[in-house]
Amino acid sequence: MAKTHDPDNPEHYFTREPKSRLKTTDVAFSFRNHSLSFLCASGVFSSTEIDPATQLLLEATEIQPNTNILDLGCGIGVIGISIKKAEPTCNVTLSDVNKRALKVSRQNAEKNKVTVDVLESDCYAAFAEKEKKEFDLIITNPPHHAGRELVYKMITEALPHLKRGGFFQLVAKHKKGGKMLQKKMEEVFGNAEIILRGSGLCVYRSKKK
-14 MAKTHDPDNP EHYFTREPKS RLKTTDVAFS FRNHSLSFLC ASGVFSSTEI
36 DPATQLLLEA TEIQPNTNIL DLGCGIGVIG ISIKKAEPTC NVTLSDVNKR
86 ALKVSRQNAE KNKVTVDVLE SDCYAAFAEK EKKEFDLIIT NPPHHAGREL
136 VYKMITEALP HLKRGGFFQL VAKHKKGGKM LQKKMEEVFG NAEIILRGSG
186 LCVYRSKKK
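The opening position of the sequence shown corresponds to residue -14 in the numbering used here, with each subsequent residue numbered one higher.
Take a look at the structure:
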């Protein structure tokens, strides 16, 4: 989902139905000795490359076998698909509000020969009570340009969707909103640690107790 504004694209990545002309780029990516290839698309995060925040977030992630993982605001699906490729026993769900993102994520899953669930969802809206699914990890490179309140919502509404002992993990620029997000995670979960830093970015993680 949206993290870095694309000056050539007037739409935000969290637009439900992008109107911009579709332009695509193939990008090679490597994760834990696996070679992957992603179709990037205009109107979707990432539109032209795999951004450093996503790479740092993945680098920091402890992937446990046979766990349920939600890539929240998945964009083109880099995080969830990379995790599934590295650990095929994981059950991975990708969600986004952007219809183009969902289409491209499905294409990227097929492209990389992995099976994942791809759902349209405005934050956690698709995970209705009757279809409630608890995750061991909710991971996101959140849509900072959508505003802090939306990112706060992603944090505050995560608890019911996590198993006890499960983790919520996000990446942000520490001096450009990250400190406030860490504080919010601390308020919601009672804990929030920085598990990796790099180039002004931090990966924050909270545990449901």
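All C-beta atoms in this analysis are idealised placements derived from N, C-alpha and C, irrespective of residue type, glycine included.
- Per DSSP, Leu104 is one residue of the beta strand (DSSP E) stretching across Asp102 to Glu105.
- The beta-carbon separation of Phe153 and Ile179, rounded to 14 Å, does not stay under the 8 Å limit for a contact.
- Here the alpha carbon of Val77 sits roughly 9 Å from the alpha carbon of Val103.
- In this structure, Val156 keeps its C-beta atom at 7 Å or more from the C-beta atom of Asn176.
- Secondary structure note for Glu47: it is in no alpha helix (DSSP H), with a DSSP letter that is neither H nor E.
- Distance from the Cα of Asn53 is smallest, within the candidate group Glu142, Arg149, Arg91 and Lys88, for Arg149.
- Contact annotation: Cys108 and Lys88 have beta-carbon atoms that are not nearer than 7 Å.
- Inter-segment contact for the region 90 to 97 and the region 56 to 74 is present: three or more beta-carbon pairs are separated by less than 8 Å.
- Here the C-alpha atom of Val173 lies approximately 22 Å from the C-alpha atom of Leu186.
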